[in-house]
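Read the structure below first, then the notes.
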Amino acid sequence: MPETLRDAATRIREHAYAPYSGFRVGAALRTDAGTVFTGVNVENVAYPEGTCAEAGAIAAMCAAGERRIAGVFVIADSPDPVAPCGGCRQKIAEFADPGAVVIMATLSGKTRSATVAELLPGAFGPHHLAAR
Numbered sequence: 001m002p003e004t005l006r007d008a009a010t011r012i013r014e015h016a017y018a019p020y021s022g023f024r025v026g027a028a029l030r031t032d033a034g035t036v037f038t039g040v041n042v043e044n045v046a047y048p049e050g051t052c053a054e055a056g057a058i059a060a061m062c063a064a065g066e067r068r069i070a071g072v073f074v075i076a077d078s079p080d081p082v083a084p085c086g087g088c089r090q091k092i093a094e095f096a097d098p099g100a101v102v103i104m105a106t107l108s109g110k111t112r113s114a115t116v117a118e119l120l121p122g123a124f125g126p127h128h129l130a131a132r
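Numbering (the UniProt record's numbering), first residue to last: 1 to 132.
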């Protein structure tokens, strides 16, 4: 039985590197081909130099030669589901259709779902560059 995105994100979250905040995040995405890629947040003592879990999963997907996200699952130990940051919303929008679903969850089981378009209305895209 294939691993669910929830299972993959929950499992990988344990490998997050968060020695400063203690806030570990796991992300899993499924491609149009059905492959699952995961990522974790990686902190750095120079805070802006860290990376997000979603960005890690997208980088793994690209490194494997895939380019289309069908869905995303993000999990963190928070009282409420945590949405991807603005930069990760743009990264997800680069590889997903506007209707692709992003599920955000807590360890206690709360979830919230939104489409990519709902998370990033008016996303900047390749069509903006066509006016050159």
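Even for Gly, the Cβ is constructed at its ideal location relative to N, Cα and C.
Treat the numbers as computed from the prediction; the structure is a model and nothing was measured.
Nearest by alpha-carbon distance to residue i: which of the options is it?
i      : options                    : result
PHE31  : PHE95, PRO48, ALA70        : Just to set this straight, residue 31 is Thr in the shown sequence, not Phe. Answer by Cα proximity: ALA70.
ARG89  : GLU66, THR35, ALA27, ALA64 : ALA27
GLY56  : VAL82, ARG112, GLY87       : GLY87
PRO84  : GLU49, ILE58, GLU14        : ILE58
VAL74  : CYS52, ALA105, GLY99       : ALA105
GLY109 : PHE23, ASP80, THR115       : ASP80
THR51  : PHE23, THR10, GLY125       : PHE23
VAL82  : LEU107, ALA8, ALA93, ARG11 : LEU107
ALA18  : ALA76, LEU29, VAL72        : ALA76
Within 10 angstroms of the Cβ of residue i, are there 16 or more other Cβ atoms? Answer buried if so, exposed if not.
i      : result
ALA16  : buried
THR4   : exposed
GLY39  : buried
ARG41  : Inspection of the sequence shows that residue 41 is occupied by Asn rather than by Arg. Buried: at least 16 other Cβ atoms inside 10 Å.
LEU119 : buried
GLU49  : exposed
GLU14  : exposed
PHE124 : exposed
ALA46  : exposed
LEU129 : exposed
ALA100 : buried
MET1   : Unreliable placement is indicated for MET1, whose pLDDT of 44 sits below 50; no coordinate value is reported for it.
ALA63  : exposed
Give the DSSP bridge partners of residue i, in chain order.
i      : result
ALA70  : Paired residue(s): none; ALA70 is not in a bridge.
ALA76  : VAL25, THR106
ALA96  : ILE69
GLY39  : ALA27
VAL101 : GLY71, THR115
THR51  : VAL42
Assuming residue i and residue j make a contact with CB atoms under 8 angstroms, what is their CB distance in whole Å?
i     : j      : result
ILE33 : GLU66  : Residue identity differs from the one stated: residue 33 is Ala in this sequence, not Ile. The pair is a contact, with the Cβ atoms about 6 angstroms apart (cut-off 8 angstroms).
SER78 : GLU43  : Rounded, the Cβ-Cβ distance is 16 angstroms, inconsistent with contact.
PRO98 : THR115 : 6 angstroms
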